[in-house]
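Engineer: Counting in the numbering used here, the sequence shown tops out at residue 440, every number present. Questions regarding the structure given below will be posed in turn.
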Amino acid sequence: MSVIGSSPSRPDGAAKAGGSAIYGDDFALPGMLYGATLRSPHPHARIVHRAFDPEGAPEGTVYVDADSLPGPNGVLLLDDSWPILAASEVRHVGEAVALVAAPSRRRARRALEAVEVEYEPLPAVLDLDRAASEEPICELAFGSDSVEEALERSAHRVVGTYRTGYQEHIYIECQAMTAWFDDGRLEVIGSMQCPYYVHKSLMHAFGLSEEGVRVRSSAVGGGFGGKEDYPSLIAVHAALLAQVSGRPVRLAYDRHEDIVGTTKRHPCETKITAGVDAEGRLEALDIDVTMDGGAYTTLSPVVLSRALLHASGGYRCPETRIRGRVLRTHTAPNGAFRGFGAPQTQFAVERQIDRIAADRGLAPGELRG
């Protein structure tokens, strides 16, 4: 309690303000290679053929694809269903298909030209309406069993549907990770919010013990949730290249690659049916939430749970039922973003309260008061 009323300095404040903080792409290691990622141009396709021509790549290039993995092809978050590298099928534009590393960034980009991939495009599901007929990523429901009866008894019923779209984190510092092996132990340094997520994913991918992996966070140039789930994937990619090359490897995205390939805020559709009395007081709320999870699970079940827990806002209502699901589309996975699903549903319920006020001829502040 001694800090209350004081103004302590931020531990990282002076270094960041003075320019001495070391971010994920601010240092070099002896013999370090630079990685690059070959990404799918298709939202959904079968991989017919994949090959690397070492003669067509710059000298010193190393190459990794799904056939090179030392362990399971899955990034372990809530489960390991998110592929480290696409094996036989791609499920979104920008999905990682192969990795290369070379002695410079320019050479690494040139090395991507030595990778040949033949695709057979497949039908793609790109919106929630088409995704509704598919098996959801997850579902959750809770609340009263008497909502329908309460709605029937209410003097007025107000229905609204509210939609929110994708949102890009646009952190100032793009994703960056460096990996190397030191006397058998895997070392990783990079820009991340959750080092233990990364540690768990690396143990799973390489079959290493807790002591066999050391993960350290560099200074983080913004995250907002975007460096919560995705760093596990880029860390595994950098470590794969380090294992094959026997040298440290840096993977650092440019802005275009970061926007195309990384997770976003879940788009959401929230349908609310409200029963109110003659004065506009809530008597029943029936809320149905549908989110777009993208191609893979990442942290969608947790995002959905937070969205539903906040879906009725700060309003007292005797009968409430809240249901939700996350659907799968052929788009980049959606994941953690500040608020973790709550902004989508809180926007919806606040707009619903505005609609109820208008329906009852009240100012929004009057109804909320």
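Glycine included, each C-beta is placed from N, C-alpha and C at the ideal position. Being a predicted model, the structure only gives us computed values, none of them experimental.
1) If you check the beta carbons only, do S289 and A172 fall under 8 angstroms apart?
2) Who does R121 pair with in a DSSP beta bridge?
3) Nearest to M263 by CA position, among H120, G165, K298 and L375, is which residue?
4) Could you check what DSSP says for R358 in three-state terms: helix, strand or coil?
5) Rounding to the nearest angstrom, what Cα-Cα distance links G296 and R224 in this structure?
6) Tell me whether P154 is buried or exposed, calling it buried when 16 or more other Cβ atoms sit within 10 Å of its Cβ.
7) Please state whether the Cβ-Cβ distance between H163 and T402 is less than 8 angstroms.
8) If you draw a straight line from the C-alpha of V186 to the C-alpha of E126, how long is it?
9) Return helix, strand or coil for R430, following the three-state DSSP convention.
10) Which parts of the region 119-154 are runs of the alpha helix (DSSP H), unbroken and 4 residues or longer, counting only runs that do not cross its ends?
11) What is the C-beta distance between E191 and R117, in whole angstroms, given that I count them as a contact (C-beta under 8 angstroms)?
12) What does DSSP give as the partner residue(s) for E340 in the beta ladder?
13) List the residues that DSSP assigns as beta-bridge partners of Y267.
14) State the Cα-Cα distance for the pair T400 and R287, rounded to the nearest angstrom.
15) Going by alpha carbons, who is nearest to A182 out of Y237, I241, P435 and T108?
16) Using 8 angstroms as the threshold, is the C-beta distance between D329 and Q246 below it?
17) L148 and Y268 - do their beta-carbons sit closer together than 8 angstroms?
18) Please determine if the region 135-144 and the region 82-93 are in contact, where contact requires at least 3 C-beta pairs separated by less than 8 angstroms.
19) Pick out whichever of R318, H337, A309 and R336 has its Cα sitting closest to the Cα of Y324.
20) Please state the DSSP three-state secondary structure of G278.
21) Could you give the distance in angstroms between the alpha-carbon of D425 and the alpha-carbon of Y301?
22) How many angstroms separate the CA atom of G432 from the CA atom of L353?
23) Between G145 and the rest of its own chain, which residues show a CB-CB distance below 7 angstroms, the 5 nearest in sequence each way excluded?
24) Helix, strand or coil for H240 per DSSP?
25) Tell me where the beta strand (DSSP E) around L170 begins and ends.
26) Can you find at least 3 beta carbon pairs, one from the region 198-216 and one from the region 385-398, that sit closer than 8 angstroms?
27) Let me make sure I understand the geometry here. Which of G332, K342, A99 and V347 has the alpha-carbon closest to that of F418?
28) Is it buried or exposed for T232, if we count other Cβ within 10 angstroms and need 16 for buried?
29) I need the straight-line Cα distance from R265 to L199, nearest angstrom please.
30) Could you work out which residue in E239, G102 and L170 is closest to Y134 when comparing CA atoms only?
31) Taking just the CA atoms, how far does K87 sit from S77?
32) Would DSSP call A158 helix, strand or coil?
33) So, helix, strand or coil for E206, using DSSP?
34) Given D359, which residues of its chain have a CB within under 6 angstroms of its CB, disregarding the five upstream and five downstream residues?
35) Starting from R396, follow the beta strand (DSSP E) in both directions and report where the run begins and ends.
Structural biologist: Quick answer:
1) No; because the gap between Cβ atoms is not below 8 angstroms, this pair is not in contact.
2) V188, per the DSSP bridge assignment.
3) Of the residues H120, G165, K298 and L375, the one whose Cα lies closest to the Cα of M263 is K298.
4) Note that residue 358 is Ile in the sequence shown here, rather than Arg. I358 falls in the strand class under three-state DSSP.
5) Their backbone Cα atoms lie some 43 angstroms apart in a straight line.
6) So P154 counts as buried.
7) Taking 8 angstroms as the Cβ cut-off, H163 and T402 qualify as a contacting pair.
8) Distance between the alpha carbons of V186 and E126 is about 11 angstroms.
9) According to the sequence displayed, residue 430 carries Asp and not Arg. It is helical.
10) With a minimum length of 4 residues, no continuous alpha helix (DSSP H) run stays inside the region 119-154.
11) The pair is a contact, with the Cβ atoms about 4 angstroms apart (cut-off 8 angstroms).
12) Looking at the DSSP assignment, E340 forms a beta bridge with R234 and T361.
13) Note: Y267 sits in no beta bridge, so no partner.
14) Taking the straight line from one Cα to the other gives about 33 angstroms.
15) The shortest Cα separation from A182 among Y237, I241, P435 and T108 belongs to T108.
16) The answer is yes: Cβ separation under 8 angstroms.
17) Yes, they are a contact pair.
18) Verdict: no, contact absent.
19) Closest option to Y324, Cα to Cα, is A309.
20) Correct three-state label for G278: coil.
21) In a straight line, the C-alpha of D425 is about 37 angstroms away from that of Y301.
22) Near 15 angstroms, if we compare the C-alpha coordinates of L353 and G432.
23) Excluding residues within five positions, the ones whose Cβ falls inside 7 angstroms are D151, S152, W153, P154 and I155.
24) Reduced to three states, the DSSP call for H240 is coil.
25) Taken as a continuous stretch (DSSP letters only), the beta strand (DSSP E) holding L170 covers A167 to A173.
26) In the pairwise beta carbon analysis, the region 198-216 is classified as touching the region 385-398: at least three pairs are separated by under 8 angstroms.
27) For the options G332, K342, A99 and V347, the alpha carbon positioned closest to that of F418 is the one of K342.
28) Exposed, because fewer than 16 other Cβ atoms sit within 10 Å of the Cβ of T232.
29) The residue you asked about is not Arg; residue 265 is Cys in the sequence shown. Approximately 30 angstroms between the Cα atoms of the pair.
30) Ranking the options by Cα distance to Y134, first place goes to L170.
31) Rounded to the nearest whole angstrom, the C-alpha separation of S77 and K87 is 22 angstroms.
32) In the three-state DSSP reduction, A158 falls in the coil class, being neither helix nor strand.
33) Three-state result, E206: coil.
34) Excluding residues within five positions, the ones whose Cβ falls inside 6 angstroms are K342 and R394.
35) If you look at R396, you'll find it in the beta strand (DSSP E) that goes E390 to L398.
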